[in-house]
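Residue numbers (my numbering), protein chains in the order written: chain A, 241 to 571; chain F, 640 to 711. Quick reminder that beta carbons are idealized off the backbone N, C-alpha and C, glycines included. None of the values given here were measured: they were computed from a predicted structure.
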Amino acid sequence: MGPILRQAIVYLALTSGIPPAAAITPADAPVRRLAAEDVTSRDARPEEASLGLAAALAYDAERVYAVDAEDCAVKVFRRSGRFEAVLGRSGHGPGEFSFPSGVAVLGGRLFIADKLNRRIQVLDLSGRFLRSFPLPFAPDRVLVLAAGRLLVTRRPSSRPAGEKILHYYNASGEPLRQELVARAGGDPVLDAFLNMVLVSPGPRGDLFVVFKCQERAVLHYGPDGGLDGRIPVDRRYISKALSLPVRGGRKTVEAFCWESAQDRGRLFLLAPEYTDGGDIGPGDKVYVVDPAGRLEARIDLPARVSRLAVDGDRIFAVDLAGELRVFRVAR
Amino acid sequence: MKKTCLWALVGLILFSSVLLFPLSVRAHDVNECYANHQVCRERALAMNGAWTKIAIYLTVCDVALGKCILNM
C-alpha cells in the first residue's frame, strides 16, 4: 500500500471515529503466533474439583476461583492448578448459592453473582459470609471496578423491551447507573444470542464489553460508567457464521467471541470454532487485541476451553471436560 | 322433588368447584411459570455447548412457558 493511500485511509479513519490501526492493517497481514504450554499441577484432584458448569473465573495473587453453577459453589485452586477447597453450597441462606454465575475478587473478598437468589454475596477468602445485597433481577456476571464500584450484568428477558444490560452499584449495593440497552431481533431465541455479552474490567476502573455475536467491535466504558467509544476489531480476526433455528425459519448470525479477558491493557478474545457437526462451540485460539483494536498475536492453546482468565504469561482456563487448566504462554 | 333437584344441583356445583379448585389455582400462578422459564433459559444459556443446541433448548423453554401459562 502506497504512503499517500495509507495517509488517506488514516485520515478517513480518524474523521469517522475508527482507530487507524484497525483500518490500515491489511486483511492478509500475518498474525504473530504464540504457543501455550500446559503447566497444570499434576497433583491428583478429588472428584469435587471438577466443574460441572463452569460459569466464571477470577484470580488473585495466590489462587484461582471458579464458579460452578451446577454444584452451586466456588471452587478454589492454587495458581499452579492444585485444587484447594470448595466454598458454599446449594441453598438460599447466607453463604449458600442458587446457580451462581459470576465471581470477582478484590482486597481479600469474593463477590459472587448468586443468580437465582437474585443477589450479590460477599465472602471472605475462607468462604465466611460477610454481607449481601438484593437485586431486582437475576445477575449474570459481577466485576469490581475502581473505588469500590461494582458492575453487574443481566441477561435481558425480552419482556419488556428496553432493559439495560450493565448495572453499576456502589460498595453498599446502591444502584448508580444503568447502561447498554438490550438489542431486539424480533424473536426471543435470537434476542438471547444478540444480548450475550462478555465484560472485562480495564486497568483504570474502565470497562470493555464484547458482544458474543453480530458486533465486530469492543465497547469501551469509562471510569464514570459512560460509553467512551467503540473499538472496531482488526479485520484479520475472523468471525464465524451460523444459521440458527428461530421462529419462522432460520437466521444467520456471526459468532464473534466465546469468552474474553483483559490483562495489562490488552484484550484476549477466545475465538469460537466450528464443531464437527458444523455448529459453533468454544475454540482453542486466543487473539490478543491492543487498545486500538489491532491484533497483536494469536495464542494457540493445547485444548479447547470455555472459560478464560489471563495474568501475564499465565492463562487460567476451563477445558471442555470441566477441568481447570493452567497454560504458560511462550513469548 | 323440585327441592331435591335444587339441592342435588347445588351439591354438584360445589363438588365440581372443589375438583376444579386446585387446577384454577395452578392456572393463575403465572409467576411460577415465569420463574421456571427463567431457570430453564439460564440453564440453556449457561451451557458450554454448541449454539444450535442452545437455540433448541431456548425454544423448548418458550414452549414450556406457553404450556404452563395455559395450564396444559
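In three-state DSSP terms, what is A:R470? Counting from 1 along the first sequence, the entry for residue 470 of chain A is found at position 230. Strand at A:R470.
Taking 9 Å as the threshold (beta carbon to beta carbon), is A:P376 in contact with chain F? Here residue 376 of chain A corresponds to residue number 136 of the first sequence, with the count starting at 1. No, A:P376 does not count as interfacial toward chain F.
Under 9 Å, do A:K525 and A:L507 count as touching if we go by C-beta distance? Sequence index remark: in the first sequence, residue 525 of chain A carries index 285 (1-based). Sequence index remark: in the first sequence, residue 507 of chain A carries index 267 (1-based). No, they are not a contact pair.
Secondary structure at A:Q454, three-state DSSP: helix, strand or coil? Working through the first sequence from its first residue, we reach residue 454 of chain A at position 214. DSSP places A:Q454 in coil when its eight states are reduced to three.
Take the Cβ of A:D354 as the centre, count every other Cβ of all protein chains shown within 10 Å, and call the residue buried at 16 or more, exposed below. For the purposes of this step, residue 354 of chain A is taken as the residue at position 114 of the first sequence. By the 10 Å Cβ count, A:D354 comes out buried.
Please list the partners that F:A703 has in chain A, where partner means a Cβ-to-Cβ separation under 9 Å. Here residue 703 of chain F refers to the residue found at position 64 when the second sequence is read from its first residue. Within chain A, no residue comes near F:A703; the closest Cβ sits about 13 Å away, beyond 9 Å.
Interface residues of chain A around F:E671 at Cβ under 9 Å? What you label residue 671 of chain F is simply residue 32 of the second sequence in a count that begins at 1. Under the 9 Å cutoff, chain A gives no residues; its nearest Cβ is about 13 Å from F:E671.
Around the Cβ of A:S440, are there at least 16 other Cβ atoms within 10 angstroms (buried) or fewer (exposed)? On the first sequence, position 200 is the one that residue 440 of chain A refers to. Result: buried.
Near A:A543, what residues of its chain come up, given a Cβ to Cβ distance below 7 Å and the 5 sequence neighbours on each side ignored? Numbered from 1 along the first sequence, position 303 holds the residue referred to as residue 543 of chain A. Once the five neighbours on either side are set aside, the close Cβ partners of A:A543 are D524, D559 and R565.
Would you check if the distance between the CB atom of A:R328 and the CB atom of A:F337 is smaller than 9 Å? Start at 1 with the first residue of the first sequence, and residue 328 of chain A comes out as number 88. Start at 1 with the first residue of the first sequence, and residue 337 of chain A comes out as number 97. Sequence check: residue 328 of chain A is Gly here, not Arg. Against a cut-off of 9 Å, the Cβ pair of A:F337 and A:G328 comes out as a contact.
Any beta carbon from chain A within less than 9 Å of F:I695's own beta carbon? Here residue 695 of chain F is taken as the residue at index 56 of the second sequence, counted from 1. It does; some Cβ of chain A falls within 9 Å.
Under 9 Å between C-beta atoms of A:R322 and A:D283: Sequence index remark: in the first sequence, residue 322 of chain A carries index 82 (1-based). Sequence index remark: in the first sequence, residue 283 of chain A carries index 43 (1-based). Their beta carbons are under 9 Å apart, which means A:R322 touches A:D283 by this criterion.
Evaluate contact between the stretch 698 to 710 of chain F and the stretch 293 to 310 of chain A, counting only Cβ atoms and requiring at least three cross-stretch pairs below 8 Å. no
Going by Cα to Cα distance, which pick from A:Q502, A:P443 and A:W498 is closest to A:A511? Along the first sequence, read from residue 1 onward, the residue named residue 511 of chain A stands at position 271. With distances taken between Cα atoms, A:A511 lies closest to A:W498.
Which residues in chain F sit within 8 Å of A:K355, going by Cβ to Cβ distance? Within the first sequence, numbered from 1, the residue matching residue 355 of chain A stands at position 115. Correct list: E681.
If we require 4 or more residues per run, which alpha helix (DSSP H) segments fall completely within the stretch 421 to 454 of chain A? 428 to 434
Going by CA-CA distance only, name the one from A:R272, A:G552 and A:L385 that's closest to A:F448. Indexing the first sequence from 1 puts residue 448 of chain A at position 208. It is A:L385.
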